[in-house]
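K.L.:
Protein chains in written order, with my numbering: chain A, 1 to 112; chain B, 1001 to 1117.
Every residue gets a Cβ at the ideal spot worked out from N, C-alpha and C, and that includes glycine.
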Amino acid sequence: AQSVTQLDSHVSVSEGTPVLLRCNYSSSYSPSLFWYVQHPNKGLQLLLKYTSAATLVKGINGFEAEFKKSETSFHLTKPSAHMSDAAEYFCVVTGGYQKVTFGTGTKLQVIP
Amino acid sequence: ETGVTQTPRHLVMGMTNKKSLKCEQHLGHNAMYWYKQSAKKPLELMFVYNFKEQTENNSVPSRFSPECPNSSHLFLHLHTLQPEDSALYLCASSQAGLGQGRIYEQYFGPGTRLTVT
């Protein structure tokens, strides 16, 4: 079985403060994990990916995520939020034959 | 044009209409996907094509009919839809599809916003 849980449906931060979006997964296989971002009325854009190389993954726009196998987590972080980061973020786990599972998404609000 | 394009961007259709959604990828990928994104629901994978062959159909009703004439183009033919089919339909592509070994990231188009009246 495979699943992904995004622990917060909404996160609100002030501009310039750190961002933490939480993701926990379960998989019977060695998973690949991804974070995507979706701005309003746009498709999903890949932020970063983990595919069994370094556990700390750096992505675009200053985002990074750390794969923690013992905690089955892949949380997304950014040191300082920008107004343009306001969007919806999706955690995705893939593994095994023909299996891709999306989280339900976390909407990030950035307050000026 | 670069990336993944989808047309039309918006579509309103009646329940008795027949329409088609088009997706084109300019990335040289070999796998293409259709997803359905509804409000307050996780993204649902509908169909997967690897090298023009359908390799996944996630119990999608037959009123949705995909077509993949080549690795760059993907269509979703729609007929006798229901109001609950109203959603954002996203197309994606990747280097190789699920089940082909290494998992590659997917690149998404902007989507077609479908409203069924």
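Should V1004(B) and F1075(B) be called a contact, given that it needs their Cβ atoms to be closer than 8 angstroms?
P.N.:
Going by C-beta atoms, V1004(B) is not nearer than 8 angstroms to F1075(B).
K.L.:
Taking a contact to mean a Cβ-Cβ separation below 8 angstroms, would you say Y1033(B) touches A1092(B) in this structure?
P.N.:
Taking 8 angstroms as the Cβ cut-off, Y1033(B) and A1092(B) qualify as a contacting pair.
K.L.:
Just reading off the beta strand (DSSP E) that A55(A) is part of, what are its end residues?
P.N.:
Here the sequence assigns Thr to residue 55(A), which means Ala is not the residue at that position. It is not in any beta strand (DSSP E) - T55(A) carries neither H nor E in the DSSP assignment.
K.L.:
In this structure, does DSSP put P18(A) in helix, strand or coil?
P.N.:
Three-state DSSP puts P18(A) in coil, outside helix and strand.
K.L.:
Only counting the same chain, and skipping five residues up and downstream in sequence, which positions put a Cβ closer than 6 angstroms to that of K1018(B)?
P.N.:
Result list for K1018(B): H1079, in chain order.
K.L.:
With a cut-off of 8 angstroms, does the C-beta of G1109(B) fall near any C-beta of chain A?
P.N.:
Yes, G1109(B) lies at the interface with chain A (some Cβ there is under 8 angstroms from its Cβ).
K.L.:
Under 9 angstroms Cβ-Cβ, which residues of chain A neighbour P1042(B)?
P.N.:
Per Cβ cutoff of 9 angstroms: V4, F90, T101, F102, G103, T104 and G105.
K.L.:
Determine the contact status of E15(A) and P112(A), defining contact as a CB-CB distance below 8 angstroms.
P.N.:
Cβ atoms of E15(A) and P112(A): closer than 8 angstroms.
K.L.:
In angstroms, rounded to a whole number, what distance separates the CA positions of K107(A) and T5(A)?
P.N.:
C-alpha separation (whole angstroms): 14 angstroms.
K.L.:
The segment 19-46 of chain A: which residues have C-beta closer than 8 angstroms to a C-beta of chain B, in chain order?
P.N.:
Under the 8 angstroms Cβ criterion, the segment 19-46 of chain A contributes S32, F34, Y36, N41, K42, G43, L44, Q45 and L46.
K.L.:
Do you know how far the Cα of N24(A) is from the Cα of F74(A)?
P.N.:
Spanning the two alpha carbons is a distance of roughly 6 angstroms.
K.L.:
Since L47(A) contacts W35(A) with CB under 8 angstroms, what's their CB separation in whole angstroms?
P.N.:
Indeed they touch by this definition, with Cβ atoms about 4 angstroms apart.
K.L.:
Where does the unbroken beta strand (DSSP E) through P1083(B) begin, and where does it stop?
P.N.:
Here P1083(B) belongs to no beta strand (DSSP E), and DSSP marks it neither H nor E.
K.L.:
So the beta strand (DSSP E) T1112(B) belongs to, where does it begin and stop?
P.N.:
Note, T1112(B): beta strand (DSSP E), T1112 to V1116.
K.L.:
In the DSSP assignment, the beta strand (DSSP E) including E1044(B) goes from what residue to what residue?
P.N.:
Run containing E1044(B): E1044 to N1050, per the beta strand (DSSP E) assignment.
K.L.:
In this structure, does DSSP put M1013(B) in helix, strand or coil?
P.N.:
Reduced to three states, the DSSP call for M1013(B) is strand.
K.L.:
Bridge partners of Q2(A), per DSSP?
P.N.:
Q2(A) is bridged to S27(A).
K.L.:
Among F67(A), V13(A) and V100(A), which one has its Cα closest to the Cα of A81(A)?
P.N.:
It is V13(A).
K.L.:
Since F1075(B) is in the beta strand (DSSP E), which residue starts that stretch and which ends it?
P.N.:
Per DSSP, F1075(B) belongs to the beta strand (DSSP E) from H1073 to H1079.
K.L.:
Using DSSP's beta-bridge definition, name the partner residues of H10(A).
P.N.:
Per DSSP, K107(A).
K.L.:
Could you say which of T55(A), I60(A) and F90(A) lies nearest to S70(A) if we only look at CA atoms?
P.N.:
The shortest Cα separation from S70(A) among T55(A), I60(A) and F90(A) belongs to T55(A).
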